[in-house]
Every structure is written in structure tokens, then in C-alpha cells.
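Peer 1: Got a structure for you, written out below as C-alpha cells; questions coming shortly.
Numbering (our numbering), first residue to last: 550 to 949.
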């Protein structure tokens, strides 16, 4: 799958129509979720029947395209399935019980309710919400794709405007030549990552650099009267500041992951539980600012796209063990140099990266690893429990 995103050029009347469509989509989702909670044991057939009842009962729901309403039901269905799946796997902590949505920012259409213009520079939405013809502003070229290949169309509202995302069913995988290189990565806070060759990538710290601006915008919001137009404008400025940081972080992780995957046949990294790491309130802000999880997702995505092997290994004792002799050398977080009796003297993160690579190479040859090398699945350390890694979508933007 390939996701193309365009900036939407809308009139004020169209913006109100899009907002109404988004509110209707949220209404359907929350009503269907309430119906599921009140009627235990019902299946997805009952949820779709209830969606039909809502369309008969409320006119503003019927004005929205029927497939867009079905997409809202599918969101509930996925949330319920994810919750039961976590319960079956005995995932520690909260299992992710489906919640009602207060802030909803998108409406999704399937293969009806919209029509692509002949010049493929605009979309016309044909339901009764009154959105009409939407001009697409972007650099993507849609001339290469048949309209039948477009499986989903989503309108997303962000702080800086509205965007249209097109999900296109095409094979965007590429075959690269074998490089003969394997790399281990150790992510950190001082450096973004250190590889097994001793090379480092500086940590950009996007949030830390923009924190002064974010705090200024936050103070402006808190000073405005609730419900006023000035508070709404101040909230929008705050949202734009956060949106800029998130885009910087995403592009940074995307660029690095692509370069690493293209340059190596095997890439190993730590199976870090970031959700648990951020419980340390002294480091939570810095860990979230680094974006380790996002970097890992892009590594797995490009690993599938380019047919490379990606291996997530257990991070236990990768910093303590010697990469040369395997001897355990105890050290605190403040100790940045690894010194062993065997004569090995390395930077702490360099030693950890070499240990990560050695553990990954020890898993090659297990069942499933060579299959993953051909791009069928993303490879993981056997028994690591990274089932979701094999379900990552093969697309340019995992946000779709």
C-alpha cells in the first residue's frame, strides 16, 4: 500500500461541511461503541445493523456516505479486537479497553462517495454533506495510478489546515543489491544512536529546542477566556508549534531509517519497551523527544519495503557484557567507557551496539528468519513476542 497526502484548498463553507462530516463520523463511532458496551456478546453483524438503524433514525447521519459510516464501525471493530487480543496474550498493565472519542479529526471514505477529476488535481465528494469539489495541492503525481486502485480517501483536520490522504493499492517494494554489511544500533539520549562500527548520530532534541516557544504559546492559551475566539486562535498557534515538532521528529527518523536499511543487509536494534521507560519522570521528556519507537517503526517499514532483515533483540545486559569476551562488567549510567580485563576499551554505547549485533547474528538461521529476508515478514528474535511488528503496514505513512 502507498499513501499519498495532499493539502486541501477549501472555502469557508467547505470547511464547515468537512467539520460536520467529521462530527457525524465521531457520533456514529461513539454510538456504536455504546451499543457494544450495553449489549455484551454481540458480533460485528449486529454493529453494522445498528449503524443502519442510526442512518434511518438521524437525517444528518444519512447525509454522510454509507461507506464512511461503515468505516467508523470498522474503527470500533478494530478497537474491540485489539482489546480481546491483548487480554488473550495477558499483556501487562492496561489492556486498552475501547474509549469514547472526544476529539475526532478525520472522516474516511471507501470507494464510493467521492470522484477523482480527469486532471487528477481535485476530488469531488458526492454525499449530501455539501463538501463538493476539493482542490489538491501537492507534488505527488496521480497520473500513474488507476482510480480503481484508490481504496480509501480520508480527510484529516490538523492545526495548519485540512489534508486529503489517498490509500493506493500498489506494490512499492524495491529489490536492492546485497551489500554484505550488518549493523547493530544502540539508541540513547546523549547520541540518537551509536552503531556497531562506532559511528554516532547526534540527537536533534527538537522539543527541547522549541520548548521556549511551546511554553510561550501555552501561557497565551491559559490567559484567554474559555470559549472565546481569542482562546481558539491561541490554541491553534499552540497546535501549530506541536505539529512542527512532530513533523521534524518524523522526517528525522524516516531519513535515518531509510539510509540505514539501504546500506545494510541486516539491521539489529533493541526491543525497548518505551512505555515502561517513560515511567521514569526524570527522563520521560527526553525519551519522548528522542522518538525511539517511531525510528523503530520506520526501520521495520523500510526493511519490508527493501527486503532487508530487521531483528529486535533483548536489551538485557547489552551495556554490561563485554563484546569481546562476554565478561560482565558492572557499570552505572554515569560510566560512559567500557573497560574490561581482556583489554577491550570502548565507548559504552559502542560496546552495547556490538553486543546487539552479535545477538542478532546468533538468531539468523532460526525458523522464519530466512523467510523474512525475502520480505514476507519483518524478522524478530524468536520468542520475543513482537507480533505487531509483522503487522506493520507497507506504506509511506503509518498514520493512515
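Even glycine gets a Cβ: it sits at the ideal position worked out from N, Cα and C.
(1) Let's see if you can read the secondary structure: which residues bound the beta strand (DSSP E) around residue 612?
(2) Report the option in 672, 640, 650 and 608 whose CA atom is closest to the CA atom of residue 621.
(3) Which residues in the same chain have their Cβ closer than 7 angstroms to the Cβ of residue 580, if we skip the five residues on either side of it in sequence?
(4) Is it true that the CB of residue 714 sits closer than 8 angstroms to the CB of residue 554?
(5) Given a threshold of 16 other Cβ atoms within 10 Å of its Cβ, counted over all protein chains shown, does residue 918 qualify as buried or as exposed?
(6) Relative to the C-alpha of residue 870, which residue among 862, 859, 887 and 882 is closest?
(7) Which one or two residues does DSSP pair with residue 887 in a beta bridge?
(8) Using the Cα positions of residue 724 and residue 854, report the straight-line distance between them to the nearest angstrom.
(9) By Cβ distance below 6 angstroms, which residues in the same chain neighbour residue 742 in space, the five residues on each side in sequence not counted?
(10) Three-state secondary structure (DSSP) at residue 837?
(11) Quick one: measure Cβ to Cβ for residue 576 and residue 610, integer angstroms, because I've assumed they're closer than 8 angstroms.
(12) Residue 861 by DSSP, collapsed to three states: which one?
(13) So what does DSSP say about residue 558, is it helix, strand or coil?
(14) Is it buried or exposed for residue 692, if we count other Cβ within 10 angstroms and need 16 for buried?
(15) Just to check my reading of the structure: residue 670 and residue 685 have Cβ atoms closer than 8 angstroms, yes? What is that Cβ distance to the nearest angstrom?
(16) Could you tell me which of 657, 882, 875 and 897 sits nearest to residue 890, measuring between CA atoms?
(17) What residue range does the alpha helix (DSSP H) around residue 716 cover?
(18) Would you mind sorting residue 571 into buried or exposed? The rule is 16 or more other CB atoms within 10 Å of its CB.
(19) For residue 704, report the span of its beta strand (DSSP E) as first-last.
(20) Could you give the first and the last residue of the continuous beta strand (DSSP E) run that contains residue 877?
(21) In terms of residue numbering, what span does the alpha helix (DSSP H) encompassing residue 726 cover?
(22) Check each candidate in 850, 561 and 619 and name the one with the smallest Cα separation from residue 808.
(23) Between the Cα of residue 800 and the Cα atoms of 598, 681, 586 and 755, which residue gives the shortest distance?
(24) Output the distance between the C-alpha atoms of residue 830 and residue 654, rounded to the nearest integer angstrom.
(25) Based on DSSP bridge pairs, tell me the residues matched to residue 674.
(26) Given residue 873, which residues of its chain have a CB within under 7 angstroms of its CB, disregarding the five upstream and five downstream residues?
(27) Quick check: the Cα distance between residue 862 and residue 753, rounded to an integer number of angstroms?
(28) Between which two residues does the alpha helix (DSSP H) containing residue 826 stretch?
(29) Would you list, in sequence order, the uninterrupted alpha helix (DSSP H) runs of no fewer than 4 residues that lie entirely inside the segment 785-816?
(30) Can you have a look at residue 903 and say buried or exposed, based on whether 16 or more other CB atoms are within 10 angstroms of its CB?
Peer 2: The structure says:
(1) No beta strand (DSSP E) contains residue 612, which is instead part of the alpha helix (DSSP H) from 608-612.
(2) 650
(3) 603
(4) yes
(5) Any reading at residue 918 needs caution, since the residue's pLDDT is 37, under 50, leaving its predicted position unreliable; the model's value is listed next. By the neighbour-count rule (16 or more Cβ atoms within 10 Å), residue 918 is buried.
(6) 887
(7) 895
(8) 8 angstroms
(9) 734, 736 and 750
(10) helix
(11) 7 angstroms
(12) strand
(13) strand
(14) exposed
(15) 6 angstroms
(16) 875
(17) Per DSSP, residue 716 belongs to no alpha helix (DSSP H); it is in the beta strand (DSSP E), 710-717.
(18) buried
(19) 699-707
(20) No beta strand (DSSP E) holds residue 877; DSSP gives it neither H nor E.
(21) First-last for residue 726: undefined, no H or E at that position.
(22) 850
(23) 755
(24) 30 angstroms
(25) 663 and 681
(26) 889, 891 and 893
(27) 25 angstroms
(28) 823-826
(29) none
(30) buried
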